[in-house]
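Sequences listed follow chains A and B, in order.
Per my numbering, the very first residue in the first sequence carries number 1; after that it's consecutive.
Per my numbering, the very first residue in the second sequence carries number 1001; after that it's consecutive.
For every residue, glycine included, the Cβ atom is placed at its ideal position computed from N, Cα and C.
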Amino acid sequence: EAAVTQSPRNKVAVTGGKVTLSCNQTNNHNNMYWYRQDTGHGLRLIHYSYGAGSTEKGDIPDGYKASRPSQENFSLILELATPSQTSVYFCASGDGGHEQYFGPGTRLTVL
Amino acid sequence: AQSVTQPDARVTVSEGASLQLRCKYSYSGTPYLFWYVQYPRQGLQLLLKYYSGDPVVQGVNGFEAEFSKSNSSFHLRKASVHWSDSAVYFCVLGTSGSWQLIFGSGTQLTVMP
């Protein structure tokens, strides 16, 4: 059973539109993370959370918001999407140590 | 600042050949090192990890990696690759006192039949 799931798997959005990416985990981990993956950059941390109700800024938070309404769910929100946010987005969960468990990714294209 | 360098963006080998993917890290403290693999259209999966002890660590599917403190390296090896090993491999650094991970830029491995 997949422990970290993401939806949608693919999304095409228009510039200036609002985009919400969702993540669900069944690992019962306190920590959850949002990364983006771009060619030549590996994964870069956007936002993270220590538990329900908490969100923290990662290394590249500009243009993104996050929401953690429950232990299981963590959303990434692009209020005004721009073409520079075209990327693949990964959600992950962890218990606070170094091991993280990744979802399958969401491919976002902003036109 | 901490960093991870994977100098080879793409590596192509023939099926059955041996493999080494290179990784160098920059960190003055005790590193925690990982290799993750990303198969097409999938998320990252942990291949192996090094925390301490024996510098050669074994992972899944016949992969192993060797930690060298003197060289600040954590190279990944496999004695005989299979076409199904074609994927992107990420070297990842964890630092003491923080859960944050520092990712290398990845190496795209293509195994030719």
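Alpha-carbon spacing of residue i relative to residue j, whole angstroms
i, j, result
"G16(A)", "P61(A)", "17 Å"
"S75(A)", "A1017(B)", "43 Å"
"L111(A)", "T86(A)", "8 Å"
"P1186(B)", "V14(A)", "With chain B represented from 1001 up to 1113, any question about residue 1186(B) goes unanswered, as that position is not in the structure."
"Y48(A)", "P83(A)", "23 Å"
"F1067(B)", "A52(A)", "37 Å"
"T39(A)", "V88(A)", "10 Å"
"L1109(B)", "E72(A)", "34 Å"
"L45(A)", "S1098(B)", "14 Å"
"S1096(B)", "N1061(B)", "29 Å"
CA nearest to the CA of residue i, picked from the options
i, options, result
"S1070(B)", "I1102(B), G1062(B), V1088(B), Y1027(B)", "Y1027(B)"
"E56(A)", "M1112(B), R1010(B), Q1100(B)", "Q1100(B)"
"T106(A)", "S1014(B), Q1006(B), L1044(B)", "L1044(B)"
"V1088(B)", "T1012(B), S1052(B), G1097(B)", "T1012(B)"
"L1033(B)", "F1103(B), A1009(B), Q1042(B)", "F1103(B)"
"T1107(B)", "H41(A), P8(A), N28(A), V12(A)", "H41(A)"
"G103(A)", "Y35(A), S54(A), I46(A)", "Y35(A)"
Residue i: contacting residues in chain B (beta-carbon distance under 8 Å)
i, result
"F74(A)", "Ordered by position in chain B, no residue passes the 8 Å Cβ test against F74(A), which lies about 15 Å from the chain."
"G94(A)", "W1099"
"N31(A)", "W1099"
"L108(A)", "Within chain B, no residue comes near L108(A); the closest Cβ sits about 14 Å away, beyond 8 Å."
7 Å Cβ cut-off: residues of chain B touching residue i
i, result
"H41(A)", "S1105"
Partner residues on chain A for residue i, Cβ-Cβ distance less than 9 Å
i, result
"Y1089(B)", "The premise fails here: Y1089(B) is roughly 11 Å from chain A at the closest Cβ pair, so nothing lies under 9 Å."
Presumed contact (8 Å Cβ cut-off) between residue i and residue j, rounded CB distance
i, j, result
"H1075(B)", "R1022(B)", "5 Å"
"Y1036(B)", "V1004(B)", "Not really, about 12 Å apart at Cβ, beyond 8 Å."
"Q25(A)", "S93(A)", "4 Å"
"G97(A)", "N30(A)", "Contact flag wrong, Cβ pair sits at about 11 Å."
Contact list for residue i against chain A, beta-carbon separation under 7 Å
i, result
"L1046(B)", "E99"
"G1094(B)", "H98"
"Y1032(B)", "H98"
Listed by chain order, chain A residues near residue i by CB distance under 8 Å
i, result
"Q1042(B)", "P104, G105"
Exercise for the section: Scan the segment 1015-1077 of chain B and note each continuous beta strand (DSSP E) run of 3 residues or more that stays entirely inside, going in chain order. Expected result: 1019-1021, 1024-1026, 1032-1038, 1044-1050, 1056-1058, 1064-1068
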